[in-house]
Amino acid sequence: MNDTICAIATPIGIGGVGIVRMSGPKSCEISDKFFTARGGKKPSGFTPYRMYYGTLDLGSFSDSCLCVRFSAPNSFTGEDVVEFHCHGGAALLQGVLRALIDGGARLAQCGEFSKRAFVNGKLTLAQAEGMIDLINSRTEAQLSAASSLMMGELSRKIEKLQGEFRQLLSHIEVSIDYADEGIEEKGREEILTSLKGIYAELSKLAAGYGRGSAIREGVKVALCGKPNVGKSSLFNALLGYERAIVTHIAGTTRDALEGEYVYEGALFRVYDTAGIRESAGLIESKGVELSKKYIQESDIAVFIAESGQLSDEDEDILRLIESKRHIKVKSKADLDPSSSGFDIAVSSLTGENVDRLKRLIYGRTIGKVYTGGLILTNYRHYDAVKRAMALTEEVLSGGSELFLDMIAQSLRQAFEALGEVTGESSIESVIDDIFSRFCLGK
Ligand SMILES: Nc1nc2c(ncn2[C@@H]2O[C@H](COP(=O)(O)OP(=O)(O)O)[C@@H](O)[C@H]2O)c(=O)[nH]1
Ligand SMILES: [Mg+2]
Numbered sequence: 402m403n404d405t406i407c408a409i410a411t412p413i414g415i416g417g418v419g420i421v422r423m424s425g426p427k428s429c430e431i432s433d434k435f436f437t438a439r440g441g442k443k444p445s446g447f448t449p450y451r452m453y454y455g456t457l458d459l460g461s462f463s464d465s466c467l468c469v470r471f472s473a474p475n476s477f478t479g480e481d482v483v484e485f486h487c488h489g490g491a492a493l494l495q496g497v498l499r500a501l502i503d504g505g506a507r508l509a510q511c512g513e514f515s516k517r518a519f520v521n522g523k524l525t526l527a528q529a530e531g532m533i534d535l536i537n538s539r540t541e542a543q544l545s546a547a548s549s550l551m552m553g554e555l556s557r558k559i560e561k562l563q564g565e566f567r568q569l570l571s572h573i574e575v576s577i578d579y580a581d582e583g584i585e586e587k588g589r590e591e592i593l594t595s596l597k598g599i600y601a602e603l604s605k606l607a608a609g610y611g612r613g614s615a616i617r618e619g620v621k622v623a624l625c626g627k628p629n630v631g632k633s634s635l636f637n638a639l640l641g642y643e644r645a646i647v648t649h650i651a652g653t654t655r656d657a658l659e660g661e662y663v664y665e666g667a668l669f670r671v672y673d674t675a676g677i678r679e680s681a682g683l684i685e686s687k688g689v690e691l692s693k694k695y696i697q698e699s700d701i702a703v704f705i706a707e708s709g710q711l712s713d714e715d716e717d718i719l720r721l722i723e724s725k726r727h728i729k730v731k732s733k734a735d736l737d738p739s740s741s742g743f744d745i746a747v748s749s750l751t752g753e754n755v756d757r758l759k760r761l762i763y764g765r766t767i768g769k770v771y772t773g774g775l776i777l778t779n780y781r782h783y784d785a786v787k788r789a790m791a792l793t794e795e796v797l798s799g800g801s802e803l804f805l806d807m808i809a810q811s812l813r814q815a816f817e818a819l820g821e822v823t824g825e826s827s828i829e830s831v832i833d834d835i836f837s838r839f840c841l842g843k
């Protein structure tokens with residue numbers, strides 16, 4: 402990683418300011434070719450972390466802009482970094498980039514700056530993932546969860562648990578070395594007690610994943626029911642605008658429509674599906690098949706019926722969602738407000754109880770309102786924690802039967818599984834895959 406990379410760090414488009422960033426050992430040397438501060442100073446002579454105003458002379462054009470130098474190892478990447486804060490024009494920034502490449506830098510790959518930061522120990526893998534989640538956040542809840550991850554809450558927790566595993570391992574090694582002197586049995590009891598504590602903490606972490614992933618990915622809500630019960634109307638009411646076509650003709654909705662709404666800072670992705678019925682024509686049948694798929698893939702199904710007298714068709718749909726998390730909604734409450742047999746009666750026409758339905762959906766998926774703090778949001782982290790749990794459980798259930806060196810082996814594996822979260826024991830291909838999902842210039 403001895404080459405110098407560069408990229409445009411701001412979105413491509415027209416804006417007041419656009420930033421081109423360069424990282425690597427030749428950053429200053431290359432910058433010196435193009436930038437001169439007012440007063441004549443060159444970037445290699447700049448005081449680090451101070452902005453200099455001057456001229457970027459690229460031959461065919463110049464820009465008056467700001468330049469700042471960060472010196473290794475105290476920079477985002479841990480290397481020498483130079484940034485040009487130019488005027489934000491697409492051709493202008495491309496021109497700066499081209500000049501830097503001609504000057505000896507190489508165009509950075511997606512996520513390459515962050516990857517260097519990780520490799521140089523500036524952030525853990527989990528923190529880097531938090532950073533990309535932070536950039537991609539669209540709702541407050543996503544932002545809070547991503548920020549906690551980026552600020553290192555999860556990494557610190559994982560490192561603490563790893564520290565406990567490490568302590569147990571050294572304890573075991575001492576026990577093995579002094580086995581003849583009758584130390585072993587005492588050691589074993591202590592080990593199992595500590596391990597129970599670690600297991601409890603891991604379980605607590607893993608238990609939050611359902612909620613965490615719902616916050617990160619958005620909650621998938623599938624509306625389902627017979628034709629004409631008011632699915633599309635409820636869909637529009639939840640979204641707050643007319644997205645789906647509503648008619649009195651059964652079978653209007655054939656494709657599934659997707660829409661989004663935000664409630665308590667969390668994202669909900671709603672699917673308005675075709676009404677499910679047996680006697681549908683070809684196109685409608687395709688829609689029905691699709692509906693079943695959306696229902697299966699949703700986090701929660703909202704069953705809608707017009708009255709408490711359920712028909713066979715209603716019962717069929719209910720059977721489809723029985724094993725899933727679901728809510729039963731009685732629609733058209735303005736015509737008939739009775740809700741017996743349902744969780745709630747809603748009128749899309751008057752808006753009555755639409756908000757309460759949102760609260761109900763929130764409660765049954767995310768649960769308690771999330772206002773920030775440590776939570777597992779990422780499957781990769783969850784998977785590592787689960788593997789560490791399984792290994793710990795193996796030792797706990799083997800208890801007094803296991804040889805100490807077998808216990809040590811499981812604990813070492815659990816330690817390594819946890820290390821994958823922070824990136825300490827992650828394999829290269831996983832690391833590459835994570836950083837390739839970053840945007841250019843990050
Ligand atoms: N009075 C009343 N009519 C409704 C309500 N929701 C839907 N409808 C009517 O029921 C019919 C079918 O609605 P639609 O949303 O297309 O049902 P879908 O086939 O399940 O998507 C339309 O004529 C709507 O105007 C409601 O809350 N109150
Ligand atoms: Mg419809």
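Per my numbering, the sequence shown starts with residue 402, numbered consecutively. Cβ coordinates follow ideal geometry from the N, Cα and C atoms, glycine included.
Identity of the residues DSSP links to residue i by a beta bridge
i	result
Y600	BP columns for Y600 are empty, so no partner.
E659	Y672
A791	BP columns for A791 are empty, so no partner.
A702	A623, H727
F485	V421, C468
G800	BP columns for G800 are empty, so no partner.
Y664	A667
L508	C407
G416	G489
Proximity test, residue i beta-carbon vs ligand 2 heavy atom, cut-off 7 Å
i	result
S633	yes
A645	yes
D715	no
D673	yes
T653	yes
Distance cut-off 7 Å: residue i Cβ against heavy atoms of ligand 1
i	result
D834	no
D656	no
V689	no
S739	no
D735	yes
L750	yes
V630	yes
H486	no
G660	no
G709	no
S556	no
G641	no
S732	yes
C-beta contact flag for residue i and residue j at 8 Å
i	j	result
V622	V663	no
F743	C625	no
S549	G799	no
D433	S424	no
L758	V770	no
C407	C840	no
I573	E484	no
G842	A509	yes
E707	D735	no
I599	L555	no
T540	L721	no
A702	D673	no
G505	K427	yes
L603	S827	no
G489	V418	yes
S634	S749	yes
Residue i classed as buried or exposed, judged by whether at least 16 other C-beta atoms fall within 10 angstroms
i	result
D534	buried
Q528	buried
V620	buried
S741	exposed
F816	buried
T405	buried
S712	exposed
Q543	buried
E480	buried
T648	exposed
G564	exposed
A601	exposed
A343	Because residue 343 is not part of the residues shown, which for the chain are 402 to 843, the question remains open.
S431	Sequence inspection shows Ile at residue 431; the Ser mentioned does not correspond to that position. So I431 ends up on the buried side.
K729	buried
Open item on the list: Please give the ranges of any alpha helix (DSSP H) in the region 418-483, keeping only runs that are unbroken, at least 4 residues long and fully inside the region.
Closed with: Runs of the alpha helix (DSSP H) inside the region 418-483: 428-435.
Task: Segments assigned alpha helix (DSSP H), at least 4 residues, entirely inside the region 805-839 - done: Counting only runs that start and end inside the region 805-839, the alpha helix (DSSP H) elements of at least 4 residues fall at 805-823, 829-837.
Task: Entirely enclosed alpha helix (DSSP H) segments - the region 734-760, minimum 4 residues - done: Look at the region 734-760 and you find no whole run of alpha helix (DSSP H) that is 4 residues long or longer.
TODO: Any chance you could list the alpha helix (DSSP H) runs of at least 4 consecutive residues sitting entirely within the region 512-572, in chain order?
DONE: For the region 512-572, the full-length alpha helix (DSSP H) segments reaching 4 residues or more read 513-520, 526-537, 541-551 along the chain.
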